[in-house]
Amino acid sequence: MFIPKIYGQSRIDKCPFCDKQATVMSKQDVPVCLSHKEEKLDDLKCVCGSSLEMLHGKFGVFFSCIKCGNMNLNKVLEFNTINPKMKHESPSQKSQSNKEMTVRSDDPRYFD
126 MFIPKIYGQS
136 RIDKCPFCDK
146 QATVMSKQDV
156 PVCLSHKEEK
166 LDDLKCVCGS
176 SLEMLHGKFG
186 VFFSCIKCGN
196 MNLNKVLEFN
206 TINPKMKHES
216 PSQKSQSNKE
226 MTVRSDDPRY
236 FD
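Quick note on numbering: the sequence shown equals residues 126 to 237 in this note's numbering.
Here it is in structure tokens:
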């Protein structure tokens, strides 16, 4: 069965910090979303316990382990938990803190 290629759907990178669509490159040349542009991938470990070296190739970022060999970014992110160091609030979280509250006359908070 022939499935035609559609422009823009062959490769969609995801941000390693939040799994949104990656639109920009960080300082380490890792595809990330706009809110995690300043984040860094540090201290990534292999399954065998040795540290990984980040390399850049024709198809993007990949990692090299001395014992196990080369691994792609998706495989490394499976066994490493990535936590962003900077706290970024999404626009939905900001609106919840300034949320307008409606109090009716039969509500006990009406007289406060």
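Glycine included, each C-beta is placed from N, C-alpha and C at the ideal position.
What did DSSP end up calling residue i once you bin it into helix, strand or coil?
i    : result
S220 : Because S220 carries a pLDDT of 49, less than 50, the predicted location of this residue cannot be relied on, and the following value inherits that uncertainty. Helix at S220.
E203 : helix
L180 : strand
S111 : There is simply no residue 111 to check, as the chain begins at 126 and stops at 237 in what is shown.
P156 : strand
E163 : coil
Just confirm the distance between the C-beta atoms of residue i and residue j, as a whole number of angstroms; I'd bet it's less than 8 Å.
i    : j    : result
V201 : L169 : 6 Å
L166 : Q153 : 6 Å
E164 : K210 : 7 Å
When you compare the CB positions of residue i and residue j, do they come within less than 8 Å of one another, or not?
i    : j    : result
F142 : I191 : no
Please name the residue or residues paired with residue i in a DSSP beta bridge.
i    : result
M196 : F188
M150 : P156
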